[in-house]
Structure formats: structure tokens, C-alpha cells
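In my numbering, the protein residues as written are 4 to 200.
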């Protein structure tokens, strides 16, 4: 079995991505479990760039055969795509989910619902030591609510109302969210690409 290193310490991501990779005889471990210490500076201007930066940094440090990294964020149309790659730090450092949600609500406070359109994005980079890579981008369309709804999830989940489902991610249970999330969409694309090999 080939070991792949995930450029994250997030146990939820390990579980979700691991479920996809188990069909390919690949064991997924976190970068910390593999011996990577410290943080990676994400200074790219796109989700694709940040995802690749993380995958390359972990591969270079650990001499891994395969690394995976993802970068996610919320793009609000009325804000010209902000907060985008700065989603986690929208209200400043350190990352504060409540402050980020407050800032977003304030920025959109005078907009009617139909103009509060947004897209949640996840980009996953699957990098091999040969330099070959697969880049999978998943997107989910929705609207930003006028107030928080639901208590599940994290980040912008209480504000992002998924088109067609008419509820926020924070109002969904884990199964509902995993089936309709941007990360799930990216993982399905990754799986389809791996099946071609």
C-alpha cells in the first residue's frame, strides 16, 4: 500500500479524503503523523496556487511519494469574489469564524437576498514525486443569509444557503453536508481522474 501525506492536520479531511483513496490502495496520513513540523505559508492568489504550495512544501520536506492538499474559500459575487483565498483570515489574524461571519454580514447588510449570491470552492491537488499532478476543483452555488442559521459545521456554514436545498450547511447533518459540499464535489472529480490511470 502506498502512503500519501495530507498537507493538513484536520481529522475530518483525512477521513473524507481517505474514503475516496481506499479504493486505490492508498493510505492517507496527516503531515504531522508523517513528521512534518510547522506551518506552510500560503501566499498564492488563487485556490489552485495555495493548494499546490502546500502539496509541494510537504513533499519537499518529507520526500513523500504522494502528497495531497486542499484550499477552500467563499467567493461572494457582490464583493467581487471576496473573501476568496483570504476566507479564513477575512476579519484579520488570527482566524476567527465569528468575526469573519460578522464582517460578511456587515458588508452585505443592504443587499436583497437575490443579490447575495456566492460560491463555495475547494481545490484539491494530488501531487506525485515524479512531478505529475491532478488538480480537482469543486464548487457549490448558494446565497448568503441575512443571519446565522443552524449550529453544525464551522466557518461560514451558518450563513451559506445551498441553492436547491434552501438550508445552510450548519442546518445539515454530517451526511447531508458531505454529499452536497464543495470538498465532496472536488473529491468526486479527483476519484474520476484516478480511475482513468
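Just so you know, even glycine gets a beta-carbon here, dropped at the ideal spot from N, CA and C.
{"query": "DSSP-derived helix/strand/coil call for residue 42", "result": "coil"}
{"query": "Host beta strand (DSSP E) of residue 2 (start-end)", "result": "Examination of residue 2 is not possible in this model, given that the chain is present from 4 through 200 alone."}
{"query": "Assigned secondary structure, residue 140 (DSSP; H/G/I helix, E/B strand, else coil)", "result": "strand"}
{"query": "Short Cβ contact (8 angstroms threshold) for residue 128 with residue 37", "result": "no"}
{"query": "Opposing strand residues paired with residue 129 [DSSP bridges]", "result": "71, 137"}
{"query": "Rounded separation between residue 32 and residue 59 - CA only", "result": "16 angstroms"}
{"query": "With 16 other Cβ atoms within 10 Å as the buried cut-off, status of residue 160", "result": "buried"}
{"query": "Close Cβ partners of residue 153 (< 6 angstroms) along its chain, the five nearest in sequence each way excluded", "result": "161, 171, 173, 174"}
{"query": "Boundaries of the alpha helix (DSSP H) in which residue 16 is found, first to last residue", "result": "14-24"}
{"query": "Three-way DSSP call (helix, strand, coil) for residue 201 in this model", "result": "Outside the modelled stretch of the chain, which goes from 4 to 200, sits residue 201, for which no answer is possible."}
{"query": "CB of residue 143 within 8 angstroms of CB of residue 183, strictly", "result": "yes"}
{"query": "With 16 other Cβ atoms within 10 Å as the buried cut-off, status of residue 39", "result": "buried"}
{"query": "Beta-carbon separation (whole angstroms), residue 34 vs residue 132, contact threshold 8 angstroms", "result": "Actually they do not touch by this definition, with Cβ atoms about 15 angstroms apart."}
{"query": "Residue 37 - DSSP class collapsed to helix/strand/coil", "result": "coil"}
{"query": "CB contact flag (residue 145, residue 157, <8 angstroms)", "result": "no"}
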